[in-house]
Amino acid sequence: MDVIYLLNSGFFVRMDDILLVFDAFDDPADVLGRELAADDDMPLYFFASHTHFDHFNPMIARYADKTRRYLLSEDIRRNPGAARIPAEQISWIGLYDSWQDDCISVTSFSSTDEGTSFLVEVNGKQIFHAGDFNWWDWTGDTPENRKLAENAFRKQMKHLAGRSFDLAFFPVDGRLGPSMERGAKVFCAETHPKALVSMHSVGYPAWQPSKDFFAKGAEIPVWSPTKAGEQHRF
Ligand SMILES: [Zn+2]
Numbered sequence: 488m489d490v491i492y493l494l495n496s497g498f499f500v501r502m503d504d505i506l507l508v509f510d511a512f513d514d515p516a517d518v519l520g521r522e523l524a525a526d527d528d529m530p531l532y533f534f535a536s537h538t539h540f541d542h543f544n545p546m547i548a549r550y551a552d553k554t555r556r557y558l559l560s561e562d563i564r565r566n567p568g569a570a571r572i573p574a575e576q577i578s579w580i581g582l583y584d585s586w587q588d589d590c591i592s593v594t595s596f597s598s599t600d601e602g603t604s605f606l607v608e609v610n611g612k613q614i615f616h617a618g619d620f621n622w623w624d625w626t627g628d629t630p631e632n633r634k635l636a637e638n639a640f641r642k643q644m645k646h647l648a649g650r651s652f653d654l655a656f657f658p659v660d661g662r663l664g665p666s667m668e669r670g671a672k673v674f675c676a677e678t679h680p681k682a683l684v685s686m687h688s689v690g691y692p693a694w695q696p697s698k699d700f701f702a703k704g705a706e707i708p709v710w711s712p713t714k715a716g717e718q719h720r721f
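The sequence shown begins at 488 in this note's numbering and counts up by one.
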């Protein structure tokens, strides 16, 4: 599969003949404009994990005539911009929800922030996009709040533990400083991703997993895009 970085947690994914777009909030390299210009009828799905401006942008309505389905987290209903997307093309996805058609099947999980994370199965391949699910360990916060953040994260991890993913998108946010890879590290230890894409770190250098990030023998390919339009093949 081919993956192109849009910005922040936004990605374009081409899997065989199916197109997926996750959390497209901005697209400064006009990836969508270029990739969707071709007059073909590959099934195209837009996902948005929650209503925050850096994950959902109503500009995705621009591609409505090419889109088979918009899979939007329930909390986006409250976003006035959602009205720009044709209602008959939207499926609202709640927590621990599922949705499918003849091309893809989608399962949602709760996030530690707002909205959902998505597990998408396409042609037998499993793709996980975390949205803002993460161990948000802000080192300047109070010990109580840091403990709450850890508990919320570990509670949600229980729903994911043991699962295998062909590709996982997960936040490694530079703003968290020394804690930036904590969530991703637990995620990689408790699930079985075959490859990892780091995200949600605009303006920070490409992330390199620290020496003890992976358990011995559990190293997997990591892609940490920083420039809009960067592309990677998995
Ligand atoms: Zn975010």
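Glycine included, C-beta positions come from ideal geometry on N, C-alpha and C.
{"query": "Would you mind reading off the limits of the beta strand (DSSP E) that contains A535?", "result": "531-535"}
{"query": "When every heavy atom of ligand 1 is checked, does at least one fall within less than 7 Å of the C-beta of D624?", "result": "no"}
{"query": "H542 by DSSP, collapsed to three states: which one?", "result": "coil"}
{"query": "Using a threshold of 7 Å, is the CB atom of H687 nearer than that to any non-hydrogen atom of ligand 1?", "result": "yes"}
{"query": "Less than 7 Å separating the Cβ of H616 from some heavy atom of ligand 1?", "result": "no"}
{"query": "According to DSSP, simplified to helix, strand and coil, what is Q695?", "result": "coil"}
{"query": "If you compare alpha carbons, which of F509, N495, T599, C590 is closest to L558?", "result": "F509"}
{"query": "Judging by CA-CA distance, which residue of S604, R571, D489 is the nearest neighbour of S585?", "result": "S604"}
{"query": "Verify the contact flag: D619, CB atom, against every heavy atom of ligand 1, threshold strictly below 7 Å.", "result": "yes"}
{"query": "Counting pairs of beta carbons, one from the segment 513-523 and one from the segment 618-636, are three or more of them closer than 8 Å?", "result": "no"}
{"query": "Under the DSSP definition of a beta bridge, which residues are partnered with Y492?", "result": "F498"}
{"query": "For A535, I'd like the list of residues in its chain whose CB is within less than 7 Å of its CB, leaving aside the five on either flank, ordered along the chain.", "result": "D510, H542, F543, L559, S560, I563"}
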